[in-house]
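Position 26, counted from 1, in the sequence shown is what the UniProt record's numbering calls 26; the numbers after and before it change by one each time, with no gaps.
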Amino acid sequence: MAHPKRKISKTRRDKRRTHYKAVAPTVAKDPTTGEMHLYHRAHWHEGKLYYRGQILIDKTEEAVA
């Protein structure tokens with residue numbers, strides 16, 4: 001098995017790992033409700049599930065019936 005000839009310093013090791021960063025999630029605004037939500041994700045607003053401005057699931061109708 002190969003072994004390093006010299007010890008890698010902490011500085012050189014940490015330089016190699018600098019490109020690993022935490023990225024803030026992309027947030028979008030729903031055109032119908034104006035609600036902020038994660039990009040490309042459905043979101044709940046007042047008992048309704050919205051995706052791309054359209055209602056997918058309406059919990060308020062199920063509660064009445």
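Quick reminder that beta carbons are idealized off the backbone N, C-alpha and C, glycines included. Every value quoted in this text rests on a predicted model; they were computed, and no experiment measured them.
Span separating the alpha-carbon of ALA42 from that of LYS10: Looking at the two C-alpha atoms, the distance is approximately 44 Å.
N- and C-terminal bounds of the alpha helix (DSSP H) containing LYS10: That run of the alpha helix (DSSP H) goes 10 to 16.
Where LYS7 falls: helix, strand or coil (DSSP): In the three-state reduction of the DSSP assignment, LYS7 falls in the coil class.
ALA28: first and last residue of the uninterrupted beta strand (DSSP E) it sits in: Residues 27 to 29.
9 Å Cβ cutoff met for HIS37 and ALA28: Cβ distance < 9 Å, so HIS37 and ALA28 count as in contact.
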